[in-house]
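Colleague:
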Amino acid sequence: MKNCIGIINLDENESRMSKLVKNRPLASVPIAGRYRVIDFILSNMTNAGIESIGIFTKNRSRSLVDHLTNGRPWDLHRKKDGLRVFNFGDKDPYYDDVHNFADNLDFFTKSRKEYVLIAPSYMVCNIDFNDVIEQHKKNDNDITIVYKNIKDAYQKFIGCDIVNLNNEGRVTSIGQNIGREDNANISLEMYILRTDLFIEIIYESIRQGLYSKIKNHISKNVNSLKVAAYEFKGYLSCINSLKSYYKASMELLTPEIYSELFLDNNTIYTKSKDEAPTQYNEECNVENSIIANGSYIEGTVENSIIGRRVYIGKGAVVKNCIIMQETVIGENAYLDKVIADKASVIRDEEKVIGLEYCPMVVEKPRII
Numbered sequence: 046m047k048n049c050i051g052i053i054n055l056d057e058n059e060s061r062m063s064k065l066v067k068n069r070p071l072a073s074v075p076i077a078g079r080y081r082v083i084d085f086i087l088s089n090m091t092n093a094g095i096e097s098i099g100i101f102t103k104n105r106s107r108s109l110v111d112h113l114t115n116g117r118p119w120d121l122h123r124k125k126d127g128l129r130v131f132n133f134g135d136k137d138p139y140y141d142d143v144h145n146f147a148d149n150l151d152f153f154t155k156s157r158k159e160y161v162l163i164a165p166s167y168m169v170c171n172i173d174f175n176d177v178i179e180q181h182k183k184n185d186n187d188i189t190i191v192y193k194n195i196k197d198a199y200q201k202f203i204g205c206d207i208v209n210l211n212n213e214g215r216v217t218s219i220g221q222n223i224g225r226e227d228n229a230n231i232s233l234e235m236y237i238l239r240t241d242l243f244i245e246i247i248y249e250s251i252r253q254g255l256y257s258k259i260k261n262h263i264s265k266n267v268n269s270l271k272v273a274a275y276e277f278k279g280y281l282s283c284i285n286s287l288k289s290y291y292k293a294s295m296e297l298l299t300p301e302i303y304s305e306l307f308l309d310n311n312t313i314y315t316k317s318k319d320e321a322p323t324q325y326n327e328e329c330n331v332e333n334s335i336i337a338n339g340s341y342i343e344g345t346v347e348n349s350i351i352g353r354r355v356y357i358g359k360g361a362v363v364k365n366c367i368i369m370q371e372t373v374i375g376e377n378a379y380l381d382k383v384i385a386d387k388a389s390v391i392r393d394e395e396k397v398i399g400l401e402y403c404p405m406v407v408e409k410p411r412i413i
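Each residue of the sequence shown is one higher than the last, beginning at 46 in the working numbering.
1. Is the number of C-beta pairs between the segment 248–258 and the segment 222–237 that are closer than 8 angstroms three or more?
2. Have a look at the DSSP bridge pairing and note the partners of Arg239.
3. With 16 other CB atoms within 10 Å as the buried threshold, where does Gly51 fall?
4. Val407: which of Glu394, Pro165, Val390 and Glu395 sits nearest, CA to CA?
5. Taking the alpha-carbon of Asn365 as reference, which of Glu96, Leu297 and Leu162 has the nearest alpha-carbon?
6. Is the segment 265–276 touching the segment 87–97, taking contact as three or more C-beta pairs under 8 angstroms?
7. Would you report the Cα separation of Glu276 and Ile172, rounded to the nearest angstrom?
8. In chain order, what residues of the same chain lie with their CB nearer than 6 angstroms to the CB of Gly224, ignoring the 5 residues before and after it?
9. Using three-state DSSP, classify Ile418 as helix, strand or coil.
10. Spell out a yes or no on whether the segment 97–114 and the segment 149–161 are touching, meaning 3 or more CB-CB pairs, one atom from each, closer than 8 angstroms.
11. Under the rule that 16 or more other beta-carbon atoms within 10 Å means buried, what is Asp393, buried or exposed?
12. With DSSP collapsed to three states, give me the class of Arg123.
13. Under 8 angstroms by Cβ, that's how I've got Ile350 and Ala77 pegged, so tell me the actual separation to the nearest angstrom.
14. Could you tell me the distance, in whole angstroms, from the CA atom of Cys403 to the CA atom of Gly339?
15. In this structure, does DSSP put Ser269 in helix, strand or coil?
16. Do you know how far the Cα of Val363 is from the Cα of Lys382?
17. Checking the sheet assignment: what are the DSSP bridge partners for Ser289?
18. Which residues does DSSP pair with Met295 in a beta bridge?
19. According to the neighbour-count rule (16 or more other Cβ atoms, all chains shown, within 10 Å of its Cβ), is Gly358 buried or exposed?
20. In terms of residue numbering, what span does the alpha helix (DSSP H) encompassing Ser88 cover?
21. Could you have a look at Lys260 and say whether DSSP puts it in helix, strand or coil?
22. Any idea what DSSP makes of Asp497, helix, strand or coil?
23. What would DSSP say about Tyr199, mapped onto helix, strand or coil?
Right under this line is the structure:
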């Protein structure tokens, strides 16, 4: 896919992510201890051989830019092509991405790539885009949308797009999952199309004034364009709410899911840091947890995800939690179903308990 531009479009609706996106975009929210949400789609693109990637960010993108650095972890530190970061400026990408793409058309016209792959950051999966582009070319489609068939859509992927297909695999309409159906074809919001068609869509959307988002133009023109679908059959989660973020994180503790995402398929890359191995005190107890480097564990950790440089004091109990980097948990503290953001502090003897459908969030850098 060297002849393809990758666009990571950070137009996700973050309204249900609570305090986790107060000072950062959803794309840079920590996941699995040492990774960020954007690492999955960025790695999927580079693993497919895409050498030119543009990330269209929102405001509050300092942590994201710091994480991306110069693109080196993903082999994107290049003189030609490589990684480019564009700020959406005064346009909110959730309501308007067309004008922001138009403001940066030089990126697309000067690249001379034949295809464009558009994708969000919040769809967590390990996908081979080479298979997608191969099907796209073979069937001579105008646009190919990636989807996954979900059996329990009434409780998962709420708010995500649904693609309705005919018997030939053509997209007949695109709707939204409102939790009324057991079975649904959930769109991963990943689109492959020719670069010239992409530019034409931008110009037409602005000229007509009817569409402010690329996906809305696609949705309204499925009858005039040859829009087909590619079925993804691997593990998928969508992080579009605090509940889905917590659920997706806890699912990573399942060995089969963790292996599919990180071990069995293409590598998921991230910004590496030189940390010492985590130290485990003789009296500590750790079960079914993911623990990043640089931490010091003296207490009990069960079914939890622990970030870098976390201290868990003697006698402390951490269960079903997501503890982000540089957090300090005091002696004999008790945490259950808690998301502790970066550099938060839980004092000695404190008890913090959340609910599975509504985990307690400790905002950074709060002291409790």
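Heads up, the beta-carbon is just placed ideally off N, CA and C, and yes, glycines get one too. Computed from a predicted model, the values in this text were never measured in an experiment.
Modeller: On the basis of the supplied data:
1. no
2. Tyr160
3. buried
4. Val390
5. Leu297
6. no
7. 11 angstroms
8. Tyr199 and Ile203
9. There is simply no residue 418 to check, as the chain begins at 46 and stops at 413 in what is shown.
10. yes
11. exposed
12. Coil at Arg123, not helix or strand.
13. 7 angstroms
14. 29 angstroms
15. coil
16. 9 angstroms
17. Ser289 is not bridged to any residue.
18. DSSP lists no partner for Met295.
19. buried
20. Looking at the DSSP string, the run of the alpha helix (DSSP H) that includes Ser88 is Ile83 to Asn92.
21. helix
22. Because the chain in this structure spans residues 46 to 413, residue 497 falls outside the shown range and cannot be described.
23. coil
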